[in-house]
Amino acid sequence: MSVNQQAHTGPPYGQPQPGYQGYQQPAYGGQSLPGVPQAQYGAYNGPVPGYQQPVPPQGSLRAPPTSGAPPPASGASHPSGPLAYSQFEHGDVQNGIPASAAPVQRPPASQPFLPGSAPTPVSQISTFQQYGPPPASVQQLRNHMAGMTIGSTAASAPPPAGLGYGAPRPPAMPGPPLPGQTVAAPPSSQPNHVSSPPPPSTMAGLHPGPPMSGLHGPPPPTHPPQPGYPMQQNGSFGQMRGPQPNYGGAYPGAPNYGSPPGPPPPPKRLDPDSIPSPIQVIEDDRNNRGSEPFVTGVRGQVPPLVTTNFLVKDQGNASPRYIRCTSYNIPCTSDMAKQSQVPLAAVIKPLAALPPEETLPYLVDHGESGPVRCNRCKAYMCPFMQFIEGGRRFQCCFCSCVTEVPPHYFQHLDHTGKRVDFYDRPELSLGSYEFLATVDYCKNNKFPSPPAFIFMIDVSYNAVKSGLVRLICEELKSLLDYLPREGNMEESAIRVGFVTYNKVLHFYNVKSSLAQPQMMVVSDVADMFVPLLDGFLVNVNESRTVIASLLDQIPEMFADTRETETVFAPVIQAGLEALKAAECAGKLFIFHTSLPIAEAPGKLKNRDDRKLINTDKEKTLFQPQTSFYNNLAKDCVAQGCCVDLFLFPNQYLDVATLGVVPYQTGGSIYKYAYFQLETDQYRFLNDLRRDVQKEVGFDAVMRVRTSTGIRATDFFGAFYMSNTTDVEMAGLDCDKTITVEFKHDDKLSEDSGALLQCALLYTSCAGQRRLRIHNLSLNCCTQLADLYRNCETDTLINYLAKFAYRGVLSSPVKTVRDALINQCAQILACYRKNCASPSSAGQLILPECMKLLPVYLNCVLKSDVLQPGPEVTTDDRAYIRQLVTSMDVAETNVFFYPRLLPLTKADVDSDSLPAAIRNSEERLSKGDIYLLENGLNIFVWVGVSVQQGLIQNLFGVSSFSQISNALSTLPVLENPFSKKVRSIVDMLQGQRSRYMKLIVVKQEDKLEMLFKHFLVEDKSLTGGASYVDFLCHMHKEIRQLLS
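Position 417 (the sequence shown) corresponds to 417 in the working numbering; numbering is contiguous.
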């Protein structure tokens, strides 16, 4: 998106106003920056132009499950035909079964089909619910499908198990396939774009039931057609009469590539190319909205998708990088909101990083008087406040109260009623800005000291033996030069301290005047205190030589340790006491390896019990085993002590309990299961560097104000709340989001719309107290069609996943899954009943902007938290549950529907990424190499028939069999293909907030089961439905609601 903007009438922001220090930034006003390149922004904006990104990745790494692989869609034949729908590159939107005259583009190796039975994936593990009885016969299935009109989307499978969201377990990789469970290899002739279904003529006679949209003309649209959907705004797409996902059935087993080829199956199956495709939706949005800047001056504008690379021009509403909403047009009444069941929520990322071409929020200093606020509701001055009586008073846009303008802030109005200094003041013309806070906004009415970082290193036997302690000490020597600092400061104001621990704690005096560091041991862990004040927290530059000496000595001091037990709570207490004594906020970086079983406060026992899965007691696995840590978290938040936890477990460690303090203080957890120096150090060091260097605010409090008619009622994220309105965080970094749900408490009006103001009070890394303000105006509607036209499915899924992941703390997982399915069926049924043009009940009609809701919802349902495979550990599930709770929309998008790129199709001479493909095994060709990423892992899948030259160029070995599964980085080879693939990997790593683990998967290898877990459009081994089946199931649910 280019950055040209209408020239403003006022002077550019670079010119300071009288009485107003605070803008050093250049020209905000009318300067156009002509050739600004499109940023490849990081994780936030998603992919770079030219690349389609798959939809939310599904779940997270799981280790290979142990039952049959999802069969490739054996029946699907994809003869080419005219592309009737520009919207789905895949031809007519016809969900019928292609006529058998169509040539089958499948190798004979696909499994035989029992005549007269529906093609059905291997029956699922019995503990997961089946969706209804299987259709009796192919004809019945055909009739089911015949009435289903849908657009083009993708399906999901749960992530593989047990990869510990980190390293594969060296010992227990699943062995060879179980009987009846052969490892499926994708057919060789499969192209990786699938051609369109046969032209209409060949379809004749297949479909009883109403006419197919897209073939014989769609039902008349209720609203003018939108780009990309010829003649079909409400998205009815082929017809279907609801078969259930997971019908038990007719495949004798998973495809068996070793056995003699069976006869080719007759082509009978709902064509996956005729249902809405995430890849197509992402690509269309990129093409339609990626070239122009997104200008925020208009109320209620829906922003481009998170997968589109675009520039933002702030003209009065906060950038979508800071706030995204589930809908930008909200119902005027609570009755209408209840009827639609669309949750009204905002995902807020107050300190989001911006691409270099966008201006950071301006810092406004109003001197000792502080920011101008409404007298009644205390909202901060913003672009929506109305000045009256010649500018002497203003009326609040949130509560309508009238407030006197302070004399120093007075300015005359122009003929339109706008202040004449409108363009010179960020708080009057921009959606996001910062105020310098006065002493009234500080604890105990005194300005804060700069924060401190305390590094607390586990020196028990496991940590020393694995090489971890030495690695951390070596890294810290150089990393301490990169502590965060304010804009133009020479050095960071942050002070540092060091603690090591096993069953006891060792504090170090690193005062600059000492020749050698001094160690003090506290063995009474039941009553924790800090044995020294002076010399514990120091300036890095002043104490550089003492710190270097200490970091050299620590690995030697504990080299021969035999101590295997650790404490945990006393470590946090020690850090908290140190910050209290220094009267500052700060962050603890704790590096921990095992379950804290040593005698001490917060001691834990091993309570891991897989037998609780699918029982009413399963929820206890997600809850902390003691309330001790909740109370400790509360004390940490009060002091501004944020905890970041790096875990290196070789067995159960109780993440659900150890994670309580990081979670409630706004910190992060990083987990490296089965940590091995040679394969995991690069990933760990990248995470540590980014974690230490990233922008973070301390002692933060956030409040969300709304205009009359709605109010914030619920909050999700990593924080603590002591009352119903204030979100408190000891630390808040640039990656964390807080999700807020709103409910009606009165009627809204279409004329005035609705307003949100998010105010974050925090201490910067230099110790400056600031307020960051984000404002957003939304439209209000009396017609449901307007609500459905302005929703954002990616944000909706982000909210629904967080809602469900909180639900598992108090309800059985099955209840949570059923509630999700029911809510989405109600959302879609309300649309069908009230907004879609009249059509046969046999048609599934989806709103244009929600046509991906079924595929994405299925991904959430199949994720590890809601449907774990046998290899997913209890710790993995607790870890993922906490991680997702503070993810932004771009991260949940690729987490639930991973991005799958055909590397062999990459153009080595261009900077662009190869076009993404849908997450299904039938899209893979055994002659190609693919990359799949979900924000935590990158898989490189190598087909069994890949040309030798490509293998040589990428891996530096001469044959498929010589490729090592143990690679954690790709070898650096001097050839164009190797350079291109490594640049793609680096680009993807740069877009994500965590360094992704690279896993090389060879086709037909045992690790392939893990990889297939992320092919989320396929039926999963844990019983999750395929996309096609789930769509049928949703259709059935919707029809039941309507009847």
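Backbone N, C-alpha and C define an ideal beta-carbon position, used for all residues, glycine too.
Supposed close pair residue i, residue j - CB separation, criterion 8 Å
| i | j | result |
| --- | --- | --- |
| Cys377 | Cys396 | 6 Å |
| Pro350 | Arg772 | 6 Å |
| Leu901 | Ala916 | 6 Å |
| Ser432 | His774 | 5 Å |
| Leu311 | Glu357 | 6 Å |
| Asn541 | Glu491 | 6 Å |
| Asn317 | Thr296 | 4 Å |
| Val661 | Val643 | 5 Å |
| Met528 | Gln573 | 4 Å |
Cutoff 7 Å; reference residue i; Cβ partners in own chain excluding five residues on either side
| i | result |
| --- | --- |
| Val889 | Val306, Arg324, Val347, Asp794, Thr795 and Asn798 |
| Leu576 | Asp635, Cys636, Gln639 and Cys641 |
| Ser764 | Glu486, Gly697 and Arg770 |
| Ala526 | Ala600 and Pro601 |
| Thr713 | Glu741, Phe742 and Lys743 |
| Gly50 | Residue placement at Gly50 cannot be trusted, given a pLDDT of 40 that sits under 50; what the coordinates show is reported in the next sentence. Here the set comprises Ser912 and Leu913. |
| Leu360 | Leu354 |
As assigned by DSSP and simplified to three states, the class of residue i
| i | result |
| --- | --- |
| Val872 | coil |
| Gly497 | strand |
| Leu1021 | coil |
| Arg1052 | The chain is shown from 1 up to 1043; residue 1052 falls before or after that span and cannot be answered. |
| Glu933 | strand |
| Ile984 | helix |
| Phe896 | helix |
| Arg923 | helix |
| Arg419 | strand |
| Met489 | coil |
| Leu1007 | coil |
| Gln518 | strand |
| Asn509 | strand |
| Glu366 | Looking at the sequence provided, one finds His at residue 366 rather than Glu. It is coil, neither helix nor strand. |
| Gly671 | The amino acid at residue 671 is misidentified as Gly; the sequence shows Lys. Lys671 falls in the strand class under three-state DSSP. |
| Phe310 | coil |
| Val637 | helix |
| Lys862 | coil |
| Lys503 | coil |
| Lys617 | coil |
Close-in-space but distant-in-sequence residues of the same chain around residue i (CB under 6 Å, 5 per side omitted)
| i | result |
| --- | --- |
| Pro812 | Asp616 |
| Pro303 | Phe294 and Pro320 |
| Val459 | Val469, Thr500, Asn502 and Phe558 |
| Leu1015 | Ala157, Asn919, Ser920 and Glu921 |
| Val1001 | Phe939, Trp941, Leu1007, Glu1008 and Phe1011 |
| Glu404 | Arg393 |
Residues that residue i bridges to, as DSSP identifies them
| i | result |
| --- | --- |
| Asn779 | Asn329 |
| Gln644 | Here the sequence assigns Asp to residue 644, which means Gln is not the residue at that position. Answer by DSSP bridge pairing, in chain order: Phe589. |
| Cys791 | Ser327 |
| Thr403 | Phe394 |
| Ala346 | Cys325 and Val740 |
| His408 | Per DSSP, none; premise fails for His408. |
| Ile388 | Arg393 |
| Pro902 | Tyr930 |
| Arg373 | Tyr380 |
| His774 | Ser432 and Cys758 |
CB contact check: residue i to chain D, cutoff 8 Å
| i | result |
| --- | --- |
| Asp875 | Absent from the structure is chain D; it holds one protein chain and no more. |
Spatial neighbours of residue i in its chain, beta-carbon cut-off 8 Å, leaving aside the 5 residues before and after
| i | result |
| --- | --- |
| Leu413 | Phe387, Gly390, Gly391, Arg419 and Val420 |
| Leu1041 | Ala825, Gln826 and Ala829 |
| Ser958 | Gln948, Ile951 and Gln952 |
| Asp285 | Pro304, Leu305, Thr307 and Thr308 |
As an exercise, report each continuous alpha helix (DSSP H) stretch of at least 4 residues that is fully enclosed by the stretch 423–482, in chain order.
Correct list: 426–429, 461–465 and 468–479.
Where in the stretch 685–771 do unbroken runs of the beta strand (DSSP E), each at least 3 residues long, occur, reported from the N-terminal end onward?
Within the stretch 685–771, the complete beta strand (DSSP E) runs of at least 3 residues are 696–706, 710–716, 727–733, 738–744 and 754–763.
Can you give, in chain order, each stretch of the alpha helix (DSSP H) that sits fully within the stretch 807–860 and has at least 4 residues?
Here the runs fully enclosed are 813–834.
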